[in-house]
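**Q** Take this structure, written in structure tokens, and hold onto it; I'll ask about it next.
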Amino acid sequence: MLKELSIRNFAIIDDLHIRFDAGLTILSGETGAGKSIIINAVNLILGSRASTDMIRTGAESAELEALFDVAPQSRAAQAAADMGYDLTEGLLVRRVISRAEGNRSYINGRLATLQVLSAITENMASISGQHAHQGLLKEDQHLLMLDQFAGLMTQREAVSALVREIIPDLKHLRELRARQARQAELTELLEFQQKEIAAAGIAPGEDRELEQERTRLKNAGALVEAVQGGVDTLYSASGSVAERLTEVRRNLERMGRIDPQVGAKAEACAEIVYRVEDLVEELRAYLKSVEFNDRRQEEVEERLDALNRLKRKYGGSLEAVLEKLASSTAELSAIENISTGIAAVEDRLRERHAATARQAAALSKKREAAAKRFAARVAAELSTLKMADTEFAVALSATPADPDTDPHLVVGTHAVSESGIDRAVFTIAPNVGETLKPLVAIASGGELSRVVLALKSILAASESVATIVFDEVDAGIGGAVAEVVGRKLAALARHHQVICITHLPQIAKFGDHHFKISKHVASGRTRTAITLLSADDRTREIARMLGGEKITRVTLEHARELLKK
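Residues 1490 to 2054 in the working numbering are what the sequence shown spells out, letter by letter.
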């Protein structure tokens, strides 16, 4: 439901803010006051394209902003959720039209494309009139309206669910067949990779160990010289560390006979001597392991070259090379099972296609029966709206399958989609002797508004659009017919928020809320204002609608009588 609308620097409107409520809202005012400008603003909020011609003269940009309440389970809420928007606290749409910076759209404060905006708002509001944002009248919506009228939404969803299951299976089948088509080439490549890596006999971390060994082999002389020097200094040479520590220990032991505290230090010194001896043994053992082996060095270099070639080829590390071996083995196993996988997918597709064909055919038959009832109901509604001679029909036809359409999405010779095998077009002949033409081809905004009113009246309980705006619903009617239109609008407002622009008091009197739109000149500029009418102001506005700008006691009494009724 539309809660608030703000318009700044748009056409002749400098700054306007309107709060809307549930029920039937009437917008009235003199011709040219700006009523249709407000409708244009709502059209832009719903995703229509903008032009800089719409910016108020003298301003650099125009700004439109609207706040909607959105039902949690509505299609709009679902579409928004799919695109990452949370509408728990409402939907705030902002459009900025700038001469210098182009046009921008925002949804709940985030920049959005017109495609995203339209996808979210297309099921939120329906505007009928001369400048219509006519989501309800798009031909792809006609089949949906017929299904809503006939109570076929459950069967429609069943077909839709089956088609949604078929489509990913078709994609998977194409992928499997493509892999099968290049199976020989792929198998040869994978077998080569597997053989090459397996033959190398790689051990995890082997390259790091070989690099360390290569470094030792290259520096064997320096290592022996340094370690042997350490052994000599610590133990073997005259005056070695071990020899001098032994002498210190003996002196401390001798002095320990004088002072026991010094004797305790001798034991610590002895421990150091033992540790030096252990270190020397370890260094001598290391000396025995050092190799002066040119042949082994060549072997290590060759092995590292081989490992580095594999690393460059298969991912940069031995871990990546081993992972490639595992993936090649797994892919070879999968290729061997491609035929089995294709057969399984084809069996599943056959079952789903058969189920889809049965349900789509049954749905089509029910639509055919419902189409006549629906057309009769619409014609009956139109007859009360001064369109008694109007002929209305639902042209049902099967959607032909293209030669390239996958057979699993074909029933007989018809393409099947999530809505089934049918397409529907509402056709109408408003005048006697005319041939039936598609509803969208109607030129008259007044006729179009009344057709939409008839459709809305029939679909009131099942239609998901929350807000309906009627512009020119009163074109070409008056008197008793206007009374009927007003009653229908009031009945429709029990299921939807209805906003109606009208010049007829017979319609305006049914409003739950009544705004007057007026324009005035100030400081040499024309400005549009909108006012929520009090009870007394509403009586005067109804009187103006009855008798013109000169309001008399008679027109006031007539207005009071209309409102009283």
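Each residue gets a CB set at the ideal place from its N, CA and C atoms; glycine is no exception. Small disclaimer: the values here were computed from a predicted structure and weren't measured.
Given Ile1609, which residues of its chain have a CB within under 6 angstroms of its CB, disregarding the five upstream and five downstream residues?
**A** Residue 1609 sits at position 120 when you count from the first residue of the sequence shown. Answer for Ile1609: Ala1565, Ala1568, Ala1569, listed in chain order.
**Q** For Leu1576, which of Pro1892, Ala1560, Ser1607, Glu1790 has the nearest alpha-carbon?
**A** Taking the first residue of the sequence shown as 1, we reach residue 1576 at position 87. When each option's Cα is compared against that of Leu1576, the closest is Ala1560.
**Q** Looking only at its own chain, which residues have a Cβ that is under 8 angstroms from the Cβ of Gln1786, when we skip the five neighbours before and after it?
**A** For this step, residue 1786 is matched to residue 297 along the sequence shown. The answer, listed in chain order, is Arg1703, Leu1706, Lys1707.
**Q** For Gly1579, does the three-state DSSP call read helix, strand or coil?
**A** Numbered from its first residue, the sequence shown carries residue 1579 at position 90. In the structure shown, Gly1579 sits in coil (DSSP, three-state: anything other than H, G, I, E or B).
**Q** Just verifying my parser: in three-state terms, what is the DSSP assignment at Ala2018?
**A** Within the sequence shown, the letter at position 529 stands for residue 2018. Ala2018 falls in the strand class under three-state DSSP.
**Q** Tell me the DSSP secondary structure of Arg1545 in three-state form.
**A** For the purposes of this step, residue 1545 is taken as the residue at position 56 of the sequence shown. Three-state DSSP puts Arg1545 in coil, outside helix and strand.
**Q** Count the other C-beta atoms from every protein chain shown that fall within 10 angstroms of the C-beta of Gln1986, then say buried if there are 16 or more, exposed otherwise.
**A** In the sequence shown, counting from the first residue as 1, residue 1986 sits at position 497. Flag for Gln1986 reads buried.
**Q** Quick one: which unbroken alpha helix (DSSP H) runs of 4-plus residues sit fully inside the region 2021 to 2052? Chain order, please.
**A** List check, alpha helix (DSSP H) in window: 2024 to 2036.
**Q** Just to check my reading of the structure: Leu1948 and Met1634 have Cβ atoms closer than 8 angstroms, yes? What is that Cβ distance to the nearest angstrom?
**A** Locating residue 1948 in the sequence shown gives position 459, counting from the first residue. Locating residue 1634 in the sequence shown gives position 145, counting from the first residue. So it is a contact: roughly 6 angstroms between Cβ atoms.
**Q** Kindly indicate which residue of Ile2006, Leu1659, Val1585 has the alpha-carbon position closest to the one of Ala1832.
**A** On the sequence shown, residue 1832 is found 343 positions in, with the first residue counted as 1. Cα-wise, what sits closest to Ala1832 is Leu1659.
**Q** Roughly how many angstroms separate the alpha carbons of Gln1644 and Arg1983, rounded to a whole number?
**A** Here the question's residue 1644 lines up with position 155 in the sequence shown. Here the question's residue 1983 lines up with position 494 in the sequence shown. In a straight line, the C-alpha of Gln1644 is about 28 angstroms away from that of Arg1983.
**Q** Please name the residue, chosen from Phe1638, Leu1741, Asn1592, that lies closest to Arg1538 on a Cα-to-Cα basis.
**A** Taking the first residue of the sequence shown as 1, we reach residue 1538 at position 49. Cα-wise, what sits closest to Arg1538 is Asn1592.
**Q** Taking just the CA atoms, how far does Asn1920 sit from Asp1542?
**A** Walking along the sequence shown from the start, residue 1542 turns up at place 53. Walking along the sequence shown from the start, residue 1920 turns up at place 431. Roughly 37 angstroms separates the two Cα atoms.
**Q** Counting C-beta neighbours from all protein chains within 10 Å, is the total for Phe1781 16 or more, i.e. buried, or is it exposed?
**A** Here the question's residue 1781 lines up with position 292 in the sequence shown. It is exposed - the Cβ of Phe1781 has fewer than 16 other Cβ atoms within 10 Å.
**Q** Compute the beta-carbon to beta-carbon distance between Lys1861 and Ala1639, rounded to the nearest angstrom, for a pair I have assumed lies under 8 angstroms.
**A** The count along the sequence shown starts at 1 and reaches residue 1861 at position 372. The count along the sequence shown starts at 1 and reaches residue 1639 at position 150. Contact flag wrong, Cβ pair sits at about 11 angstroms.
**Q** Touching or not, the region 1572 to 1588 and the region 1507 to 1516, by the rule of three or more beta carbon pairs under 8 angstroms?
**A** Segments in contact, no.
**Q** When DSSP builds the beta bridges, which residues end up paired with Val1730?
**A** The sequence position of residue 1730 within the sequence shown is 241, counting from 1. The partner list for Val1730 (beta bridge, DSSP) is empty, contrary to what the question assumes.
**Q** When you compare each of Glu1857, Glu1907, Thr1676 to Ala1884 by their alpha carbons, which one comes out closest?
**A** To locate residue 1884, count along the sequence shown from 1; it is residue 395. Minimum Cα distance to Ala1884 is reached at Glu1857.
**Q** Classify Pro1994 as buried or exposed, calling it buried when 16 or more other Cβ atoms lie within 10 Å of its own Cβ.
**A** Taking the sequence shown and counting its residues from 1, one reaches residue 1994 at position 505. Looking at its Cβ environment, which holds 16 or more other Cβ atoms inside 10 Å, Pro1994 is buried.
**Q** Check whether the region 1526 to 1540 and the region 1492 to 1508 touch, using three or more Cβ-Cβ pairs below 8 angstroms as the test.
**A** Judged by Cβ distances under 8 angstroms, the region 1526 to 1540 makes contact with the region 1492 to 1508, as three or more pairs qualify.
**Q** If I measure Cβ to Cβ from Asp1558 and keep anything under 7 angstroms in the same chain, skipping five residues before and after, which residues do I get?
**A** Taking the sequence shown and counting its residues from 1, the one referred to as residue 1558 is at position 69. Once the five neighbours on either side are set aside, the close Cβ partners of Asp1558 are Met1490, Lys1492, Gly1579.
**Q** Between Pro1693, Glu1654, Ile1917, which lies nearest to Glu1880 when the distance is taken from Cα to Cα?
**A** The residue you call residue 1880 lines up with position 391 of the sequence shown. Closest by alpha carbon: Ile1917.
**Q** If Val1713 sits next to Leu1772, beta carbons under 8 angstroms apart, how far is it from one beta carbon to the other, in whole angstroms?
**A** Within the sequence shown, the letter at position 224 stands for residue 1713. Within the sequence shown, the letter at position 283 stands for residue 1772. Not really, about 11 angstroms apart at Cβ, beyond 8 angstroms.
**Q** Using the rule of at least 16 other Cβ atoms within 10 Å of the residue's Cβ for burial, across every protein chain shown, is Ala1803 buried or exposed?
**A** Translated into positions along the sequence shown, residue 1803 becomes position 314. Position check: residue 1803 holds Tyr in this sequence, whereas Ala was assumed. Classification of Tyr1803: buried, given that the 10 Å Cβ count is 16 or more.
**Q** Between the Cα of Ile1502 and those of Gly1523, Ile1515, Arg1792, Thr1514, spot the shortest distance and give me the residue it belongs to.
**A** Looking up residue 1502 in the sequence shown gives position 13. Selected option, being the one with the closest Cα: Gly1523.
**Q** I believe Ile1544 touches Ile1586 by the beta-carbon criterion, under 8 angstroms. Please report the beta-carbon distance rounded to the nearest angstrom.
**A** If you number the sequence shown from 1, residue 1544 lands on position 55. If you number the sequence shown from 1, residue 1586 lands on position 97. At roughly 6 angstroms, the Cβ-Cβ gap stays under 8 angstroms, so Ile1544 and Ile1586 are in contact.
**Q** Assign Arg1983 to one of three DSSP states: helix, strand, or coil.
**A** Here residue 1983 corresponds to residue number 494 of the sequence shown, with the count starting at 1. Of the three classes helix, strand and coil, the one that applies to Arg1983 here is coil, per DSSP.
**Q** For my contact list, Val1954 and Ala1614 are in at a C-beta cut-off of 8 angstroms; report their separation, rounded to the angstrom.
**A** Position 465 of the sequence shown holds residue 1954. Position 125 of the sequence shown holds residue 1614. Correct: roughly 6 angstroms between the Cβ atoms.
**Q** Can you tell which of Val1958, Val1834, His1631 has its C-alpha closest to the C-alpha of Arg1663?
**A** Translated into the one-based positions of the sequence shown, residue 1663 becomes position 174. Looking at the Cα atoms, Val1834 is the closest of the given residues.
**Q** Starting from Thr1956, follow the beta strand (DSSP E) in both directions and report where the run begins and ends.
**A** In the sequence shown, the residue the question calls residue 1956 occupies position 467. 1956 to 1960 is the extent of the beta strand (DSSP E) around Thr1956.
**Q** Starting from Phe1781 and walking both ways along the beta strand (DSSP E), at which residues does that stretch end?
**A** By one-based count along the sequence shown, residue 1781 stands at place 292. Element bounds for Phe1781: n/a, residue is neither H nor E.
**Q** So, do the region 1866 to 1873 and the region 1896 to 1911 have three or more beta carbon pairs nearer to each other than 8 angstroms?
**A** Cβ pair count under 8 angstroms is below three, so no.
**Q** Assign His1897 to one of three DSSP states: helix, strand, or coil.
**A** Translated into positions along the sequence shown, residue 1897 becomes position 408. Reduced to three states, the DSSP call for His1897 is helix.
**Q** At what residues does the alpha helix (DSSP H) containing Ala1857 begin and finish?
**A** Translated into positions along the sequence shown, residue 1857 becomes position 368. Ala is not the amino acid found at residue 1857; the sequence shown has Glu there. Residues 1827 to 1872.
**Q** In chain order, what residues of the same chain lie with their CB nearer than 8 angstroms to the CB of Lys1469, ignoring the 5 residues before and after it?
**A** Since the first and last residues shown for the chain are 1490 and 2054, residue 1469 lies out of range.
**Q** When you compare only the Cα positions, how much space is there between Thr1924 and Thr1956?
**A** By one-based count along the sequence shown, residue 1924 stands at place 435. By one-based count along the sequence shown, residue 1956 stands at place 467. Their Cα atoms are separated by approximately 33 angstroms.
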